[in-house]
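Asks: Chains as they are written, first to last, in this note's numbering: chain A, 560 to 819; chain B, 560 to 819; chain C, 560 to 819; chain D, 560 to 819.
4 protein chains.
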Amino acid sequence: MSNPVRVTIWNEARHEKSNPTVQKIYPHGIHHTISEALTQLGHVHIRTATLDEENHGLSEDILTNTDVLFWWGHCAHGEVNDDTVDMVQRHVLEGMGLVVLHSGHFSKIFRRLLGTNCSLKWREAAEKERLWVIEPSHPICAGLGEYIELPHTEMYGERFDIPTPDELLFISWFAGGEVFRSGCTWRRGHGKIFYFRPGHETYPIYHNPEIQKVLHNAALWAAPSMRKRDSCPNTQPFEALPPPPADIVSAGIQQDASQL
Amino acid sequence: MSNPVRVTIWNEARHEKSNPTVQKIYPHGIHHTISEALTQLGHVHIRTATLDEENHGLSEDILTNTDVLFWWGHCAHGEVNDDTVDMVQRHVLEGMGLVVLHSGHFSKIFRRLLGTNCSLKWREAAEKERLWVIEPSHPICAGLGEYIELPHTEMYGERFDIPTPDELLFISWFAGGEVFRSGCTWRRGHGKIFYFRPGHETYPIYHNPEIQKVLHNAALWAAPSMRKRDSCPNTQPFEALPPPPADIVSAGIQQDASQL
Amino acid sequence: MSNPVRVTIWNEARHEKSNPTVQKIYPHGIHHTISEALTQLGHVHIRTATLDEENHGLSEDILTNTDVLFWWGHCAHGEVNDDTVDMVQRHVLEGMGLVVLHSGHFSKIFRRLLGTNCSLKWREAAEKERLWVIEPSHPICAGLGEYIELPHTEMYGERFDIPTPDELLFISWFAGGEVFRSGCTWRRGHGKIFYFRPGHETYPIYHNPEIQKVLHNAALWAAPSMRKRDSCPNTQPFEALPPPPADIVSAGIQQDASQL
Amino acid sequence: MSNPVRVTIWNEARHEKSNPTVQKIYPHGIHHTISEALTQLGHVHIRTATLDEENHGLSEDILTNTDVLFWWGHCAHGEVNDDTVDMVQRHVLEGMGLVVLHSGHFSKIFRRLLGTNCSLKWREAAEKERLWVIEPSHPICAGLGEYIELPHTEMYGERFDIPTPDELLFISWFAGGEVFRSGCTWRRGHGKIFYFRPGHETYPIYHNPEIQKVLHNAALWAAPSMRKRDSCPNTQPFEALPPPPADIVSAGIQQDASQL
């Protein structure tokens, strides 16, 4: 891997404007804190984008030049344009990596790609979380010990309504008594998706070096080796075919592919 | 399983109105032929619905009383209302089974639930297809031999852009030189999904007793044992939690769940 | 499903002979307690077998007439004959269901079928366990609530060295701080396998009605619809093949299939 | 990836001693041809080992210093020592990659790691095979087109008795009418496994540049980032536990882990 991974960190960035607690923890926004952490860990080239920028800070050109898109959203999922969701989905299917963070489980783009509700249980009680590493030899878990401990987090509990992950990397234990599949991967089209649970806006989760390590690992892991747009071509046979019997006709009716 | 499985067969039913070849093979519509076949195989209660009926022949009440929905569409996918797609998706996530047939691979509902393009290669040359049974002990394959042979079919070829199936039940061989994952299952939410490739409108595929057997098996397999609507509840701890430190605050910010 | 499921419950049955605590909880053996529970829940026909019986109480005839085999072992895995392990494996691959209980994670048969170490972390501190139901609509979870709570159990913790389960049905929370994938399914050959964690011999786990419910559900789920022995046949082509060029020869060398 | 991948190519190497056709195609053995091809493609350091060497040419030291082991066997699977199989299995579970070739589907080590029969159908008729690339964006498929065509091969047909692959990369079409899952990956323990079907000894398959490309890709893909031996430790709680009630005792009975 010779070139740096081109990462775009997308952040809703609303709490940072209005909530003093969030402002104190993330004075320049969650995207800024993640950007600094990934940059320091190296081999990435970062840009950021936020909801209130024009076109949410995204465009065809930006996504074409993005290897991995990070996504953090919480209180304004519904304000993301459907056209933007369509565009991001298309780029993921063509190979762009996607890392969905914390409350991004309810974002339009995550639900679009997974097809499920992505619902879960939650509680904001600043309780202890221990993320157990299930697959220590997976690249996303590189450099971690047996677990990551967070002294104060929001709780997310099962049942998490997701398709069975291709790989289950982290399971969380919460002091209040719940468990959660906190690190999951899926492939959709040619793109790799990683969901990572930690990241509540009122706790300094993204300042934690182990969390930063996971995000950096995820950026390297999700970067595509190629981009490819699938189509639905009519195609000629490889082998000689006998002529069909006289009573078998081809109707020449066209499929409606208008949704592509 | 004491009660019959309540099956609703949805058909676009447009080719049957305009194309003489299709009319000859399916004079009362594809839905009618499938309905008769399943009824004869027993233990089902069938109703049908078509695109041009009011609300496409579907409603909350009908889907609530449908165990398994069959879906055939081809030339008019774009005419299906998005509200109907939302409604069908919700019922699948709550447990309703879904059997998607042939060119339904490009239907809005299939792509909504899988999150991918669902694109493939195709050719209409009336060639031979042999569907190899990969999992003979799966309920959907009950009563079949090693393969099903269709003398004249439309060809669908890989790469089929789908998420890795939970179960791969059939792989097709085509005389022209292609292969295809022709029978695939997925779980989404509490619902079971089966995609089955054969079924082109200008060949008498749905008159084939082995194809009918698979559809009947699929209806029995996809029927839910329960219906359940997931939500995203705030929840109390099971274990006593220590009070958080003074500098840790809970912001009480609400998640945007407007998309649910 | 008209005929009762024929279940054979295999138990190491050593602790029950020597340990007063175990004797008190399971005076007639763990197998006896499970047998009574399943019988009461109905639609099963039970027999039992134990390590110290001749041939461990198993035979070709018994396994041929067993739909689902339960397996509990702990301190004497190494005493199970390899021939018995071969025989059980063959029957599972031919369709017999297998339910592996608790410390059976280290049994020869479980490791044979999964191919991994099946190692884990453990602690015997009579702590609380809460088994969260991850897939409430799976037949094995029928009739359960959101979780099962056990007041005093042995702890098993991740990393559990298993192949990614086909289905993950339960994740356990332990008071001491660990998590565990406590209910997992796999298909191997034509057989269904379910691993279920609870069941330590010094706590009355198998007297718990919810645990009994899971075991009963598992028996019904794992029962095969057919038995089938795979072979490796030389086979004739379906399509006419051109004669190979003169310089291409077939060597007629035989594969070594002696291990089958 | 700075260091070359250390590959050991293991070959049964019996046909090359006795069969003139095989000798002509692989005068120095199949292992030699693969070794030369991988070396030329770069970034690997190769050693070879064969059945008739002392200890089959393998040792603890060699495997410890092997990142990826290739395995080709056919007529003498039963002659591989079980101790060697144990040793190889342990190294795979600790992270060593394994690439199993063609008739190695019936090798002891492949069946040990998968737990199934690995049976299939076969025919030696020098027929045409077309391997369709199912996941073009997977590293093992890098640099390939839509398919690989082999003019003359042995046929392998479904049903292939394997656990559902984690990833299905190639499906073969055969002129005689069969299909086959020709490229499959699994994770077992910390090791990655790739099975690749082509490679019959009487056809010059391993001289084909596209086949060589796949083998080289597989070597790079299967190389581990770490080695790790799992154990089964007794462990202390992270959280304070209440003392168990007086009637709950810990028996202190030891698990039999003699099989590890």
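Here a beta-carbon is modelled for each residue, glycine too, at the ideal position from N, C-alpha and C.
According to DSSP, simplified to helix, strand and coil, what is B:I605?
Replies: strand
Asks: Look up D:K687 in the DSSP assignment and say whether it is helix, strand or coil.
Replies: strand
Asks: Can you name, in chain order, every residue of its own chain whose Cβ lies under 6 Å from the Cβ of D:R682, other than the five neighbours on each side?
Replies: M714
Asks: Whole angstroms is fine: what's the gap from B:G716's alpha carbon to C:F755's?
Replies: 41 Å
Asks: Leaving out five residues on either side along the sequence, give the residues of the same chain with a beta carbon under 7 Å from the beta carbon of C:T598.
Replies: I605
Asks: Under 6 Å Cβ to Cβ from B:V566, same chain only, skipping five residues before and after it: list those, please.
Replies: V603, I605, V627, A778
Asks: Could you tell me whether any Cβ in chain D is nearer than 8 Å to the Cβ of A:P783?
Replies: yes
Asks: Return the first residue and the last residue of the alpha helix (DSSP H) that C:N570 is part of.
Replies: Element bounds for C:N570: not the alpha helix (DSSP H) but the beta strand (DSSP E), 564–570.
Asks: Looking at C:P757: is its Cβ nearer than 8 Å to the Cβ of C:H661?
Replies: yes
Asks: Compare the C-alpha of B:H697 against each of C:N793, C:H664, C:A782 and name the closest.
Replies: Scanning C:N793, C:H664, C:A782 for the CA closest to the CA of B:H697 turns up C:A782.
Asks: Is A:H664 near A:V639, with beta carbons less than 8 Å apart?
Replies: no
Asks: Pull up the distance between the alpha-carbon of B:W630 and that of C:L703, whole angstroms please.
Replies: 32 Å
Asks: For B:V639, name the three-state secondary structure that DSSP assigns.
Replies: B:V639: coil per DSSP, three-state reduction.
Asks: Apart from the five residues just before and just after C:N578, which ones in its own chain have a Cβ nearer than 8 Å to its Cβ?
Replies: E760, T761
Asks: Which two residues bound the contiguous alpha helix (DSSP H) that contains A:I668?
Replies: 667–673
Asks: So what does DSSP say about A:K583, is it helix, strand or coil?
Replies: helix
Asks: Are A:C743 and A:I770 touching if we call contact CB-CB under 8 Å?
Replies: Cβ distance not < 8 Å, so A:C743 and A:I770 don't count as in contact.
Asks: In chain order, which continuous runs of the beta strand (DSSP E) of length 3 or greater are located wholly inside the segment 690–746 of chain C?
Replies: 706–716, 726–733
Asks: Compare the Cα-Cα distances from A:F729 to each of A:Y585, A:H574, A:C700, A:A608 and report the closest residue.
Replies: A:C700
Asks: Quick one: list the residues of chain C neighbouring A:P695, beta-carbon separation under 7 Å, in chain order.
Replies: R718
Asks: Do B:H775 and B:L617 come within 8 Å of each other at the CB atom, strictly closer than that value?
Replies: Not a contact, by the Cβ cut-off of 8 Å.
Asks: Mind pulling the chain C residues with CB within less than 9 Å of A:V773?
Replies: In chain order: nothing, as chain C lies at least about 17 Å away.
Asks: Mapping DSSP to helix, strand and coil, what is D:I752?
Replies: strand
Asks: What number of angstroms, rounded off, separates the C-alpha of D:S594 from the C-alpha of D:I764?
Replies: 14 Å
Asks: Who are the near neighbours of A:I568 in its chain, counting only those whose CB is closer than 7 Å to its CB and skipping five residues on each side?
Replies: H590, I593, S594, I605, T607, F629
Asks: Which of the residues in the segment 670–704 of chain A, read from start to end, lie with their CB under 8 Å from any CB of chain B?
Replies: Within the segment 670–704 of chain A, R670, R671, L672, L673, G674, T675, N676, S678, L679, K680, W681, R682, E683, A684, A685, E686 place their CB atoms closer than 8 Å to a CB of chain B, listed in sequence order.
Asks: Could you work out which residues of chain C lie near B:K787, taking near to mean beta carbons separated by less than 7 Å?
Replies: Within chain C, the residues near B:K787 are P695, S696.
Asks: The beta strand (DSSP E) with D:L628 in it runs from where to where?
Replies: 627–631
Asks: Taking the C-alpha atoms as reference points, what is the distance between B:P724 and B:D645?
Replies: 22 Å
Asks: Report the rounded CA-to-CA distance for D:R571 versus D:T609, giving the unit in angstroms.
Replies: Checking the sequence, you will find Glu at residue 571 of chain D rather than Arg. Approximately 5 Å between the Cα atoms of the pair.
Asks: Closer than 7 Å, Cβ to Cβ, to anything on chain B: give me those residues from the segment 744–769 of chain C, in chain order.
Replies: H749
Asks: Mind pulling the chain B residues with CB within less than 9 Å of A:P796?
Replies: R682, A684, E686, M714, F733, A734, G735, G736, E737
Asks: What is the DSSP secondary structure of A:D682, reduced to helix, strand or coil?
Replies: The identity of residue 682 of chain A in the sequence shown is Arg, whereas the question assumes Asp. A:R682: strand per DSSP, three-state reduction.
Asks: List the residues that DSSP assigns as beta-bridge partners of A:D676.
Replies: Residue identity check: residue 676 of chain A is Asn in the sequence provided, not Asp. For A:N676, which the question treats as bridged, DSSP gives no partner whatsoever.
Asks: How many Å lie between D:D815 and D:S790 at the Cα?
Replies: 13 Å
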